[in-house]
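>
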Amino acid sequence: MILSDIEIKEAIASGDIEITGSEELYIGPSSVDLHLDNKAMFLKKRIAGDMIDISKKEMSADCFEEYNGWDYIIIDPDDFVILSSIEKMKFADNIAGFIQGRSSIARLGLNIHCAGYFDVGFEGTATLEITNFTTHPIYIPKGTRICQMVFARTGKPAEVPYSKKKDSKYQGQSGPTITKIYEDYKDGE
2 MILSDIEIKE
12 AIASGDIEIT
22 GSEELYIGPS
32 SVDLHLDNKA
42 MFLKKRIAGD
52 MIDISKKEMS
62 ADCFEEYNGW
72 DYIIIDPDDF
82 VILSSIEKMK
92 FADNIAGFIQ
102 GRSSIARLGL
112 NIHCAGYFDV
122 GFEGTATLEI
132 TNFTTHPIYI
142 PKGTRICQMV
152 FARTGKPAEV
162 PYSKKKDSKY
172 QGQSGPTITK
182 IYEDYKDGE
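In case it helps, this note's numbering puts the sequence shown at residues 2 to 190.
(1) With Glu-11 as the anchor, note down where its alpha helix (DSSP H) starts and where it stops.
(2) Just the C-alpha distance for Met-42 and Ile-87, rounded to the nearest angstrom, thanks.
(3) Once you ignore the five residues that flank Ser-164 on each side, which residues in its own chain have a CB closer than 8 Å to its CB?
(4) Tell me the start and end of each unbroken alpha helix (DSSP H) in the stretch 13–84 that is at least 4 residues and wholly inside, in chain order.
(5) Hey, which unbroken runs of the alpha helix (DSSP H) at 4 residues or more fall wholly within the stretch 90–136?
(6) Quick check: Phe-92 and Ile-3, are their CB atoms within less than 8 Å of each other?
(7) Give a yes or no on contact between the stretch 130–146 and the stretch 67–83, applying the rule of three or more CB pairs nearer than 8 Å.
(8) Got a sec? Which residues, its chain only, sit under 7 Å from Gly-70 by beta carbon, not counting five neighbours each side?
(9) For Asp-120, count neighbouring C-beta atoms within 10 Å of its own C-beta (all shown protein chains included) and say buried if the count is 16 or more, exposed if not.
(10) Would Gly-29 and Gln-149 qualify as a contact pair, given that the criterion is a beta-carbon distance under 8 Å?
(11) Below 8 Å on the Cβ atoms is my guess for Met-90 versus Ile-179; work out the distance and round it to an integer in Å.
(12) Would a C-beta distance cut-off of 8 Å place Glu-66 and Lys-45 closer than the cut-off?
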């Protein structure tokens, strides 16, 4: 069941959802808008070998360039950038979340990848995968309400929430976090 604004406020008041880092929460009818932090990881235009090997840790890290401390960011056409929310969140063992792009942002040609599922028990900032599909550079100030978090409550708490899974790759993440898919491979290190 997706939580309404009333249920989101109740879950925050009870501690089932914790959201910190933003001075003011923008709670919509059934979501909370998240604000853009000033840290980024740009996918490099050219990488060694012109191929990303997802099974290798060093290949994943070598594909990105860090860009931090900005007041605004310009995302060029066809750029892929990993950004993050200012807000840090913590979910109870029966609360999950979904990142959705804001239509106002999508109407500019920016896609916020919807792989943004947050398991029950998650804690950390939201990592946002963004692509500019236009032929024009797009300027975005720090603090922009960039996406929205939709919450759902499970019928019962999870037996093994994300916070207790041994292979939770992104628990406690802070800032834009690149892929850790290499951990799925024995020789990924």
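For glycine and all other residues, C-beta sits at the position ideal for the given N, C-alpha and C.
If we stick to the structure as given:
(1) The residue labelled residue 11 in the question sits at position 10 within the sequence shown. Segment 6–15, the alpha helix (DSSP H) holding Glu-11.
(2) Taking the first residue of the sequence shown as position 1, residue 42 is located at position 41. Taking the first residue of the sequence shown as position 1, residue 87 is located at position 86. Met-42 and Ile-87 have their C-alpha atoms some 15 Å from each other.
(3) Within the sequence shown, residue 164 is the residue found at index 163, counting from 1. These residues qualify, in order along the chain: Asp-94, Gly-122, Phe-123, Glu-124 and Gln-172.
(4) The stretch 13–84 contains these whole alpha helix (DSSP H) runs: 58–63.
(5) Counting only unbroken stretches of 4 or more residues, the alpha helix (DSSP H) elements lying wholly within the stretch 90–136 are 104–107, in sequence order.
(6) Translated into positions along the sequence shown, residue 92 becomes position 91. Translated into positions along the sequence shown, residue 3 becomes position 2. Contact: no.
(7) Between the stretch 130–146 and the stretch 67–83 there are three or more C-beta pairs closer than 8 Å, enough to call the two in contact.
(8) On the sequence shown, residue 70 is found 69 positions in, with the first residue counted as 1. Hits under 7 Å: Asn-39.
(9) As a position in the sequence shown, residue 120 is number 119, starting the count at 1. By the neighbour-count rule (16 or more Cβ atoms within 10 Å), Asp-120 is buried.
(10) In the sequence shown, the residue the question calls residue 29 occupies position 28. In the sequence shown, the residue the question calls residue 149 occupies position 148. Against a cut-off of 8 Å, the Cβ pair of Gln-149 and Gly-29 comes out as a contact.
(11) On the sequence shown, position 89 is the one that residue 90 refers to. On the sequence shown, position 178 is the one that residue 179 refers to. The pair is not a contact, with the Cβ atoms about 20 Å apart (cut-off 8 Å).
(12) Walking along the sequence shown from the start, residue 66 turns up at place 65. Walking along the sequence shown from the start, residue 45 turns up at place 44. Yes.
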